[in-house]
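Presented below is the structure to which this report refers.
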Amino acid sequence: MTDTGAGPRVPDAGDDDGGDGRGGGGGGEAGADDGTIALPCGETVHRSAFDLGMREYECACGERHAVVMDMHPPSRFVPEAVVDVLRETVSVGDDDAFEEFGTPHLLGSVLEEFPDDVTVVDATDDGRVGYAMLWVTAFDARTLHEHVVELVVELMEHAVSHARDDAAQGDFEEQMLDFDVEAFVERYRRARDWQDEYDAPA
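Sequential numbering from 1 applies to the sequence shown in the UniProt record's numbering.
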């Protein structure tokens with residue numbers, strides 16, 4: 001991947017876990033030995049409660065929490081063409097567990113922005129579940145989608161600002177003037193197949 005210096009350091013999936021498998025301030029694992037995790041709302045649940053096709057968790061607290069797993073493609077949130085641009089312009093660290101920009105980095109950005117609202121679970125060594133990484137947020141899937149799109153726009157703005165192309169920067173800024181995050185998310189969610197666990201783009 002070409003390092004253009006076009007963006008901030010891409011957060012690793014577990015940057016805020018303090019090395020003990022715990023997530024952001026609102027969540028983290030509560031009793032890693034028995035597989036119980038603490039959600040951002042304070043409720044606890046076993047990690048096996050989350051299956052591969054899940055996008056939201058209906059919690060005992062009365063709220064619906066967004067659920068993201070490492071195998072979910074970034075095209076769950078933005079078109080593949082945008083993902084391709086991000087992979088060309090945003091470099092991941094040499095010691096990153098993931099070789100290219102993807103969903104773990106998007107959720108790492110969300111974790112940095114909302115450290116008290118995201119629980120991160122590292123289930124790499126747990127063969128009882130079908131995922132390696134799990135993120136559960138205090139907000140629902142639609143709100144998470146909007147936050148991710150906003151963060152992607154910030155990443156792309158940063159990339160364009162370092163491109164040393166005034167015309168490209170001007171074009172991007174003009175396009176962003178008319179860009180409505182909520183409207184984009186509404187259209188994108190309507191156009192996608194949300195029933196398929198592989199979450200293929202429309």
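For glycine and all other residues, C-beta sits at the position ideal for the given N, C-alpha and C. Owing to the predicted nature of the structure, the values given are computational and were not obtained by experimental measurement.
Contact between residue 40 and residue 136 holds, with the beta-carbon distance rounding to 7 Å and staying under 8 Å.
Nearest in C-alpha terms to residue 80, of all of 52, 140, 103, 50, is 103. When secondary structure is reduced to three states using DSSP, residue 140 falls in the coil class, being assigned neither helix nor strand.
Distance check between residue 146 and each of 180, 128, 46, 82 places 180 closest, using alpha-carbon atoms only. For the set 45, 43, 56, 49, the Cα lying nearest the Cα of residue 144 is the one of 56. In this structure residue 67 touches residue 54 by the C-beta definition: roughly 5 Å separates them, less than 8 Å. Between the alpha carbons of residue 152 and residue 35 lies a gap of roughly 32 Å. Around the Cβ of residue 89, a 10 Å sphere holds 16 or more other Cβ atoms; the residue is buried. Under the three-state reduction of DSSP output, residue 150 falls in the helix class. Restricting attention to 84, 126, 155, 106, the CA atom closest to the CA of residue 72 is found in 106. It is roughly 34 Å from the alpha-carbon of residue 185 to the alpha-carbon of residue 126. Between residue 47 and residue 123, the gap from beta carbon to beta carbon is short of 7 Å.
Between the C-alpha atoms of residue 187 and residue 37 there is a straight-line separation of about 34 Å. Residue environment for residue 42: exposed (fewer than 16 other C-beta atoms within 10 angstroms of its C-beta).
If you compare the alpha carbons of 87, 117, 50 with that of residue 100, the shortest gap goes to 87. The secondary-structure analysis by DSSP pairs residue 67 across a beta bridge with 136. Following the DSSP letters along the chain, one finds residue 44 inside the beta strand (DSSP E) bounded by residues 44-46. Secondary structure at residue 57: strand, using DSSP grouped into helix, strand and coil.
When DSSP reads this structure, residue 181 sits in no beta bridge, so it has no partner. Per the C-alpha coordinates, the member of 131, 138, 132 positioned closest to residue 114 is 138.
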